[in-house]
């Protein structure tokens, strides 16, 4: 892989470090959520559904959905560090759109 | 909603595994198989099927992108720009999902399944866009090492508005029907925006997690997402797509694509039939 070629343009080096951080975050998020979902599911099948199983399952779902949202926040922070204000704005717009989804989902 | 029993959990896990396996063999999310299984075979309302499928889409997006990080196949900048449109689309889809009847959603699903079949068929012989190696990637373009051709590929992004429009539509279809929407984005990014297929697919798979989250959270808040039924689907799809990636190397892509086209047309037919009842 020609790193030199890749790094020559538009801050691609920062992008590579950032890409690895994003990958780690996504991997950890999906692993944690799967563990919660598997444990919650096993408990639902073994015991009657209780408060604890419900909490495990919903924690699993929340972790699943929070992972991409956390990735958006991480992106905004990373672009802010590099003073790339256009991309800070874009990632913040995406975050606000997600926040709007939460509002739509839970307004009564 | 049916009560959570061991047989049902096993069936959903199996459906997820099957959908994930076929999906990853073909570079699709698997939602296009999972939604009809849940809706037509198990009789879940399409909204619930879509909500469960969106959870599997998020999981697939996160784990696939985690595995690809560092290869520079994912165009992060382009992804961020297109996400603005795709998440807006998914928000609109989530807001309007309850306005559509079950039959209308089924007909829309049938149409998307047919479009997917056409997109797959048209790509059966085509390899890729031919790229000029001397090109400068510009602000949004990218550069990655393509193992298939053994060289570094550089590309520029052309006609960004087309990419934004396709992403908006993909986000909308995604939250209405529980699909990733890659089937709209990848051909559009490749054909009109000049992004090589592998980079387009990786970038689309990366974006899908955020898009599906926007849709899934709305279904969850509205009570259409039963966690105990989503859990086996999420776990099944992850197992299935892991297996599919390993099987893909041994199976002829052409045969697989023809099989997929057959399945999609059957799914479309069944959805049309069911919507007419």
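Residue numbers (the numbering used here), protein chains in the order written: chain E, 467 to 574; chain F, 64 to 340.
Just so you know, even glycine gets a beta-carbon here, dropped at the ideal spot from N, CA and C.
Treat the numbers as computed from the prediction; the structure is a model and nothing was measured.
- Proximity of residue 539 of chain E to chain F, defined by a Cβ-Cβ separation below 8 Å, is not satisfied.
- The beta carbon of residue 70 of chain F does not come within 8 Å of any beta carbon belonging to chain E, so the residue lies off that interface.
- Within chain F, the residues 273, 276 have their CB atoms less than 8 Å from the CB of residue 535 of chain E, given in chain order.
- Within chain F, the residues whose beta carbon sits less than 7 Å from that of residue 571 of chain E are 280, 281, 283, 284, 285, listed in sequence order.
- The shortest CA-to-CA distance from residue 510 of chain E to any of F/216, F/295, F/163, F/146 is the one to F/295.
- With a threshold of 8 Å between beta carbons, residue 500 of chain E makes contact with chain F.
- DSSP places residue 205 of chain F in the uninterrupted beta strand (DSSP E) bounded by 205-209.
- Per DSSP, residue 214 of chain F is not a residue of any alpha helix (DSSP H); the beta strand (DSSP E) it occupies stretches across 214-218.
- Of the residues F/87, F/112, F/70, F/96, the one whose Cα lies closest to the Cα of residue 239 of chain F is F/112.
- Nearest neighbour of residue 284 of chain F by Cα position, chosen from E/544, E/540, E/524, turns out to be E/524.
- At a cut-off of 8 Å between C-beta atoms, residue 504 of chain E counts as an interface residue with respect to chain F.
- Sorting F/228, F/75, F/260, F/87 by C-alpha distance to the C-alpha of residue 127 of chain F places F/87 at the top.
- One finds 128, 129, 132, 137, 139, 269 in chain F with Cβ atoms closer than 9 Å to the Cβ of residue 488 of chain E, taken in chain order.
- The C-beta distance from residue 522 of chain E to residue 499 of chain E rounds to 11 Å, too long to meet the 8 Å contact threshold.
- Residue 218 of chain F and residue 173 of chain F do not touch by the CB rule: their CB atoms are close to 34 Å apart, not below 8 Å.
- DSSP places residue 79 of chain F in the uninterrupted alpha helix (DSSP H) bounded by 69-89.
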